[in-house]
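Visitor: Mind having a look at this structure? Questions to follow.
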Amino acid sequence: MSADPRALRGSAAIVGVAESDRLGKLPNVSALQLHMEAAHNALADAGLRKSDVDAVFTSGRNMANDVPEYLGIRPRFVGGTQVGGCSFILHVEHAMAAIHAGLCEVALITHGESGASRIAMPAPRWGDDSTNVQFEQVWGTAGPPTGYGFLATRHMHQYGTTKEQMAEVAVATRKWAALNPKAFARDPLTIADVLGSRLISWPFNLLDCCLVTDAGGAAVVTSAERARDLPKRPVYVLGTGESVTHQMVSQMPNFDRWDAAEASGARAFAMAGVSRAAIDVAEFYDAFTITPILALEALGFCQRGEGGPFVSGQRTAPGGDFPMNTNGGGLSYTHTGMYGIFTIIEAVRQLRGECGERQVPGATTAICHGTGGVWSAAATMIVSTET
Amino acid sequence: MSTTYSGPIPKPTPETRPFWEAAKQRRLVIQACDDCGLRYFYPRPLCPGCLSRRVRWIDASGRAVLHTFVINHRPPRNYPLPAPIVIGMVQLEEGPRMISHIVGVAADPAALRCDMPLEVVFEDITDEITLPKFQPRASA
Numbered sequence: 036m037s038a039d040p041r042a043l044r045g046s047a048a049i050v051g052v053a054e055s056d057r058l059g060k061l062p063n064v065s066a067l068q069l070h071m072e073a074a075h076n077a078l079a080d081a082g083l084r085k086s087d088v089d090a091v092f093t094s095g096r097n098m099a100n101d102v103p104e105y106l107g108i109r110p111r112f113v114g115g116t117q118v119g120g121c122s123f124i125l126h127v128e129h130a131m132a133a134i135h136a137g138l139c140e141v142a143l144i145t146h147g148e149s150g151a152s153r154i155a156m157p158a159p160r161w162g163d164d165s166t167n168v169q170f171e172q173v174w175g176t177a178g179p180p181t182g183y184g185f186l187a188t189r190h191m192h193q194y195g196t197t198k199e200q201m202a203e204v205a206v207a208t209r210k211w212a213a214l215n216p217k218a219f220a221r222d223p224l225t226i227a228d229v230l231g232s233r234l235i236s237w238p239f240n241l242l243d244c245c246l247v248t249d250a251g252g253a254a255v256v257t258s259a260e261r262a263r264d265l266p267k268r269p270v271y272v273l274g275t276g277e278s279v280t281h282q283m284v285s286q287m288p289n290f291d292r293w294d295a296a297e298a299s300g301a302r303a304f305a306m307a308g309v310s311r312a313a314i315d316v317a318e319f320y321d322a323f324t325i326t327p328i329l330a331l332e333a334l335g336f337c338q339r340g341e342g343g344p345f346v347s348g349q350r351t352a353p354g355g356d357f358p359m360n361t362n363g364g365g366l367s368y369t370h371t372g373m374y375g376i377f378t379i380i381e382a383v384r385q386l387r388g389e390c391g392e393r394q395v396p397g398a399t400t401a402i403c404h405g406t407g408g409v410w411s412a413a414a415t416m417i418v419s420t421e422t
Numbered sequence: 009m010s011t012t013y014s015g016p017i018p019k020p021t022p023e024t025r026p027f028w029e030a031a032k033q034r035r036l037v038i039q040a041c042d043d044c045g046l047r048y049f050y051p052r053p054l055c056p057g058c059l060s061r062r063v064r065w066i067d068a069s070g071r072a073v074l075h076t077f078v079i080n081h082r083p084p085r086n087y088p089l090p091a092p093i094v095i096g097m098v099q100l101e102e103g104p105r106m107i108s109h110i111v112g113v114a115a116d117p118a119a120l121r122c123d124m125p126l127e128v129v130f131e132d133i134t135d136e137i138t139l140p141k142f143q144p145r146a147s148a
């Protein structure tokens, strides 16, 4: 077998995507139920039955055991990679590799998280003897809202990035959400609203931060060959890349750039063999307003330090020349805690032309990109209607 | 102070205990590799640069710069300090970075600057645990 990852290019396709029945605040729905609803809906979207599934990929503590049991599936291939919110983008790459190797044929990727209501969720606590408590939490760090800010502050110092530029991302993303009936927050938003919202962890105000919601999402991946026999137009996986650089943010190699994303993006573009100019739609994980700004730089859509000017003037909003986070993103549509699956769902829908009012006309190629942990992991995927 | 501290209290593990014991003596220590020369923090018994076991503890100078920072207005529940808290990513003169509080300065972005010089100070939070913190360097 070739070690050249280009052998995988276009070998698999995403053939079904869906969310759970409802998204938002769902105090009567457990996390595993959200997995199950999304799986049911994605298989229906794919025109496949549960008995067709022979591989399950999911993320979260014990989930690679829990999900097959809850869904009543006995996979012959299982993937439980858990590197945080971008895990599901990695799962597409791992599913494609397993399908290419003949280890499975139909892979179901599921996510479900009761992020707001915390129904049947594991306790998110580190032990006092963990390196996290000993060397970070003792100083009052509070997970992503503090961890992501370190890079934002350094970026502002080094490149002159402003809070107004960060707010542009929230405003543009909200405009997309206004066009998505499923989005949680759809009221108009101004830059002044973002800058005037209460401080969470400077440099982040409340409206620089993603939502906290309950939702599930799922995707079905199979071989390109089998995909051609299914009812909906296949969305081919042209390129993928993944990287992990650290767990604790204090171990991040650099604070003026996103090394993990530079690595994952370079690999995805090399495998796909497409140019940045060929990308019609970008679905970038927006844990905070700074996150897609750094993604734009790391993935080569602009130079390092130029992400702030890039998003200025509502360039990423509906009607702008760089449609980004067209579902309303984690900032306005939904963010359960691990948002990555929703980048995949939206990219596939855009390429199928299923997005109604928010449809990007003529979109044939999309990029999904996510983060996990505190800038810890990155995953990039380029998909297209053509191979 | 020793029994009423309500925040997370580090529980040293075998490889980290020398750091916490030194802090109690108001010394900031890091590790250095005799094979590749890397100086690193947090403590690990094998070098994260080259996996050599030939690592030793060295005293850090306590001089540092503020590489980057956040001002946390929403500290974890029961955290013993009032918000906002200035949390710095501190770059030690010896090279490694560590998280710590920045004290002796207003919790205001106008009062803080990336790369500003800092020096270590120590604060006991329990009878067992002393935290290194950093303040603007007096001689700077």
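Chains A and B, in that order, give the protein sequences. Throughout the first sequence, residue numbering follows my numbering, covering 36 to 422 in sequence. Throughout the second sequence, residue numbering follows my numbering, covering 9 to 148 in sequence. Ideal placement from N, C-alpha and C gives every residue a C-beta, glycine not left out.
Tell me whether methionine 98(A) sits in a helix, a strand or coil according to DSSP, three-state version.
Guide: Helix at methionine 98(A).
Visitor: For a contact defined as C-beta to C-beta under 9 Å, what are the partners of proline 180(A) on chain B?
Guide: Going along chain B in sequence order, the residues near proline 180(A) (Cβ under 9 Å) are Val78, Asn80, Arg82.
Visitor: Who are the near neighbours of phenylalanine 170(A) in its chain, counting only those whose CB is closer than 8 Å to its CB and skipping five residues on each side?
Guide: Excluding positions up to five away in sequence, the list reads Met283, Ser285.
Visitor: Whether or not the stretch 69-86 of chain B and the stretch 402-422 of chain A are in contact is what I'm after, with contact meaning three or more pairs of Cβ atoms, one per stretch, closer than 8 Å; do they touch?
Guide: Because the criterion of three Cβ pairs below 8 Å is not met, the stretch 402-422 of chain A and the stretch 69-86 of chain B do not touch.
Visitor: Where are the alpha helix (DSSP H) runs, 4 residues long or more, that stay fully inside the stretch 62-116 of chain A, in chain order?
Guide: The qualifying runs are 66-81, 98-106.
Visitor: Using beta carbons (cut-off 8 Å, strictly below), is methionine 124(B) in contact with chain A?
Guide: Judged by the 8 Å Cβ criterion, methionine 124(B) is not in contact with chain A.
Visitor: Tell me which residues of the stretch 231-265 of chain A have at least one Cβ-Cβ distance to chain B shorter than 9 Å, keeping chain order.
Guide: Under the 9 Å Cβ criterion, the stretch 231-265 of chain A contributes Arg233, Leu234, Ile235, Ser236, Trp237, Pro238, Phe239.
Visitor: Whose C-alpha, out of Arg339(A), Pro179(A), Val206(A), is nearest the C-alpha of glycine 348(A)?
Guide: Nearest option by C-alpha distance: Val206(A).
Visitor: Once DSSP output is grouped into helix, strand and coil, what is the label at tyrosine 368(A)?
Guide: Helix, per DSSP.
Visitor: If you run the structure through DSSP and keep just helix, strand and coil, what is valine 127(A)?
Guide: Of the three classes helix, strand and coil, the one that applies to valine 127(A) here is helix, per DSSP.
Visitor: Out of Gly114(A), Glu199(A), Gly388(A), point me to the one whose CA is closest to alanine 142(A)'s CA.
Guide: Of the candidates Gly114(A), Glu199(A), Gly388(A), the one whose C-alpha sits nearest the C-alpha of alanine 142(A) is Gly114(A).
Visitor: Are at least three pairs of beta-carbons, each pair with one atom in the stretch 314-321 of chain A and one in the stretch 22-35 of chain B, less than 8 Å apart?
Guide: Output reads no: the stretch 22-35 of chain B does not touch the stretch 314-321 of chain A.
Visitor: Below 8 Å, how does it come out for the stretch 270-278 of chain A and the stretch 286-305 of chain A: are there three or more Cβ pairs, yes or no?
Guide: Yes, they touch.
Visitor: Which of the residues in the stretch 108-141 of chain B, read from start to end, lie with their CB under 7 Å from any CB of chain A?
Guide: Against chain A - using a Cβ distance shorter than 7 Å - the residues of the stretch 108-141 of chain B are Ser108, His109, Pro117, Cys122, Leu139.
Visitor: Taking only three categories from DSSP, how would you classify threonine 15(A)?
Guide: This structure cannot settle anything about residue 15(A), because the visible part of chain A is limited to 36 through 422.
Visitor: Establish whether the CB of tyrosine 13(B) and some CB of chain A are separated by less than 8 Å.
Guide: No, tyrosine 13(B) lies away from the interface with chain A (no Cβ there is under 8 Å from its Cβ).
Visitor: From what residue to what residue does the alpha helix (DSSP H) around tryptophan 28(B) run?
Guide: Here the alpha helix (DSSP H) through tryptophan 28(B) covers 25-32.
Visitor: Can you name, in chain order, every residue of its own chain whose Cβ lies under 7 Å from the Cβ of glycine 112(B), other than the five neighbours on each side?
Guide: These residues qualify, in order along the chain: Gln143, Pro144.
Visitor: Given that a residue counts as buried once 16 or more other Cβ atoms are within 10 Å of its Cβ, and exposed if not, what is isoleucine 66(B)?
Guide: By the 10 Å Cβ count, isoleucine 66(B) comes out exposed.
Visitor: Leaving out five residues on either side along the sequence, give the residues of the same chain with a beta carbon under 7 Å from the beta carbon of cysteine 409(A).
Guide: According to the sequence displayed, residue 409(A) carries valine and not cysteine. Closer than 7 Å at Cβ, skipping near neighbours: Pro179, Gly182, Tyr183, Val284.
Visitor: Where do the N-terminal and C-terminal ends of the beta strand (DSSP E) with tyrosine 320(A) fall, by residue?
Guide: Looking at the DSSP string, tyrosine 320(A) is not in any beta strand (DSSP E), and its letter there is neither H nor E.
Visitor: When the Cα atoms are used, what is the spatial distance from alanine 31(B) to threonine 145(A)?
Guide: Their backbone Cα atoms lie some 46 Å apart in a straight line.
Visitor: Within 10 angstroms of its Cβ, does glutamate 244(A) collect 16 or more other Cβ (buried), or is it exposed?
Guide: The sequence as given places cysteine at residue 244(A); glutamate does not occur at that position. Cysteine 244(A) should be labelled buried.
Visitor: Considering only C-alpha positions, which residue in the set Asp80(A), Arg384(A), Ile325(A) is nearest to proline 396(A)?
Guide: The shortest Cα separation from proline 396(A) among Asp80(A), Arg384(A), Ile325(A) belongs to Arg384(A).
Visitor: So, for arginine 85(B): in the same chain, excluding its five sequence neighbours on each side, which residues have a beta-carbon less than 7 Å away from its beta-carbon?
Guide: Nothing listed; no residue qualifies.
Visitor: From this set, Trp174(A), Ala322(A), Trp211(A), which residue's C-alpha is nearest aspartate 163(A)'s C-alpha?
Guide: It is Trp174(A).
Visitor: Show which residues of chain B have a CB atom less than 8 Å away from the CB atom of threonine 400(A).
Guide: Those do not exist, as threonine 400(A) stays about 35 Å from chain B at its closest Cβ, beyond 8 Å.
Visitor: In the DSSP assignment, find the unbroken alpha helix (DSSP H) run with glutamine 193(A) in it and report its ends.
Guide: Unbroken alpha helix (DSSP H) run through glutamine 193(A): 179-194.
Visitor: Among Gly107(A), Thr93(A), Leu138(A), whose alpha-carbon lies nearest the alpha-carbon of isoleucine 124(A)?
Guide: The candidate whose alpha carbon is nearest that of isoleucine 124(A) is Thr93(A).
Visitor: When burial is assigned at 16 or more other CB atoms within 10 Å of the CB, is leucine 69(A) buried or exposed?
Guide: The residue is buried, with at least 16 neighbouring Cβ atoms inside 10 Å.
Visitor: Would you give the residue range spanned by the beta strand (DSSP E) that proline 3(B) belongs to?
Guide: Past the edges of chain B, shown from 9 to 148, lies residue 3(B), and the structure says nothing about it.
Visitor: Show which residues of chain B have a CB atom less than 7 Å away from the CB atom of threonine 176(A).
Guide: Those within 7 Å of threonine 176(A) in chain B are Ile95, Ile107.
Visitor: So, does the stretch 207-216 of chain A touch the stretch 354-365 of chain A, judging by three or more C-beta pairs under 8 Å?
Guide: Counting Cβ pairs under 8 Å, three or more are found: they touch.
Visitor: Would isoleucine 17(B) count as contacting chain A if we go by Cβ distances under 8 Å?
Guide: Chain A, which has a Cβ nearer than 8 Å to the Cβ of isoleucine 17(B), makes this yes.
Visitor: Is the number of C-beta pairs between the stretch 371-388 of chain A and the stretch 330-345 of chain A that are closer than 8 Å three or more?
Guide: No, the stretch 371-388 of chain A does not touch the stretch 330-345 of chain A.
Visitor: Could you list which residues in chain B have their beta carbon closer than 8 Å to that of glutamate 171(A), in chain order?
Guide: In chain order: Ile107.
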